[in-house]
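Notes follow once the structure below has been shown.
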Ligand SMILES: C[S@@+](CC[C@H](N)C(=O)[O-])C[C@H]1O[C@@H](n2cnc3c(N)ncnc32)[C@H](O)[C@@H]1O
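Residue numbers (my numbering): 262 to 520.
In structure tokens, the structure reads:
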């Protein structure tokens, strides 16, 4: 499959720096390492190595979800790929899953969820800000095309949620403990709730509220530390820099208590 007009591509220079661009008729990619006419990329296969006007080589690929997420326009802080990866697995997001999401923001987590559950899934995503919903809708459309199984709702997950029957609920809102009752109503027994929280005091408040509610078990709290390594000649060591802190992740499973 060769690159087509209007498609997104990622150009990677020899230092590994990535540039996300949409291929346009008559377009030109510019960087401090020279320019490349889009026409030279359109029609070429993924992985092509193309020299710029100054002779610098760029590899051109279809963007991965990480490329797209890290480069797409932002309106809020986002959930980073290291946390998203764990959320997808720990919250067990499977193809066909029905997912409620609270706190859409830029749509970084939403993108990964929509892609993971696929066309057989259902996603209902709430945000209290219309501009956030518009930004996320644009980002999802640009990356994944039309997604008829995604419903974006303007509203608060702290208030009653009209939809029912979700298998998973994902929260990136400042006070998720206020969402426990509405989530409990909307989530099926056996369903999994996950909250992402930047501060441990928020995480503690959420866990305490889950315990107090008495409708959840298997409550787990974790953070994800990802460290790159530098492997060059005899220099074989961890990278000097890493992302120190993003947020805490809490997972819990809804029970169906019988009296
Ligand atoms: C940090 S952003 C979410 C970022 C998003 N997870 C991402 O990866 O791009 C938090 C969002 O929660 C929204 N929010 C705050 N309170 C809310 C509530 N009660 N219900 C729904 N959304 C809420 C904010 O408007 C904001 O867009």
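Idealized CB from N, CA, C, for every residue including glycine.
Can you tell me which of the options puts its alpha carbon nearest to the alpha carbon of residue i?
{"i": "residue 491", "options": "503, 483, 482", "result": "503"}
{"i": "residue 323", "options": "264, 330, 447", "result": "264"}
{"i": "residue 402", "options": "330, 287, 273, 285", "result": "330"}
{"i": "residue 515", "options": "321, 424, 454", "result": "454"}
{"i": "residue 500", "options": "512, 486, 282", "result": "486"}
{"i": "residue 373", "options": "364, 346, 391, 357", "result": "346"}
{"i": "residue 426", "options": "443, 439, 434, 419", "result": "443"}
{"i": "residue 409", "options": "352, 385, 285, 447", "result": "385"}
{"i": "residue 304", "options": "436, 266, 290, 316", "result": "266"}
{"i": "residue 318", "options": "292, 336, 463, 300", "result": "292"}
{"i": "residue 379", "options": "269, 407, 314", "result": "407"}
{"i": "residue 277", "options": "348, 418, 294, 337", "result": "294"}
{"i": "residue 417", "options": "364, 296, 462", "result": "364"}
{"i": "residue 284", "options": "275, 348, 297", "result": "297"}
{"i": "residue 420", "options": "509, 351, 268, 447", "result": "447"}
To the nearest angstrom, report how far apart residue i and residue j are at their CA atoms.
{"i": "residue 369", "j": "residue 397", "result": "8 Å"}
{"i": "residue 288", "j": "residue 473", "result": "58 Å"}
{"i": "residue 360", "j": "residue 431", "result": "8 Å"}
{"i": "residue 367", "j": "residue 339", "result": "7 Å"}
{"i": "residue 481", "j": "residue 389", "result": "28 Å"}
{"i": "residue 467", "j": "residue 450", "result": "19 Å"}
{"i": "residue 505", "j": "residue 459", "result": "12 Å"}
{"i": "residue 469", "j": "residue 362", "result": "21 Å"}
{"i": "residue 433", "j": "residue 494", "result": "42 Å"}
{"i": "residue 332", "j": "residue 282", "result": "10 Å"}
{"i": "residue 326", "j": "residue 496", "result": "30 Å"}
{"i": "residue 344", "j": "residue 308", "result": "28 Å"}
{"i": "residue 314", "j": "residue 353", "result": "47 Å"}
{"i": "residue 299", "j": "residue 312", "result": "12 Å"}
{"i": "residue 518", "j": "residue 477", "result": "10 Å"}
{"i": "residue 272", "j": "residue 463", "result": "39 Å"}
{"i": "residue 574", "j": "residue 381", "result": "Limits of the chain in this structure are 262 at one end and 520 at the other, which puts residue 574 out of reach."}
{"i": "residue 383", "j": "residue 441", "result": "21 Å"}
{"i": "residue 392", "j": "residue 488", "result": "34 Å"}
{"i": "residue 436", "j": "residue 465", "result": "11 Å"}
Please tell me whether, using a cut-off of 7 Å, the distance from the CB of residue i to the nearest non-hydrogen atom of ligand 1 is below it.
{"i": "residue 461", "result": "no"}
{"i": "residue 324", "result": "no"}
{"i": "residue 464", "result": "no"}
{"i": "residue 370", "result": "yes"}
{"i": "residue 434", "result": "yes"}
Continuous beta strand (DSSP E) assignments of at least 3 residues falling wholly in the region 403-450: 411-415, 427-432
Segments assigned beta strand (DSSP E), at least 3 residues, entirely inside the region 284-333: 289-292, 295-298, 309-312, 318-322
3-residue-minimum beta strand (DSSP E) runs that sit fully inside the region 347-406, ordered along the chain: 359-363, 383-388
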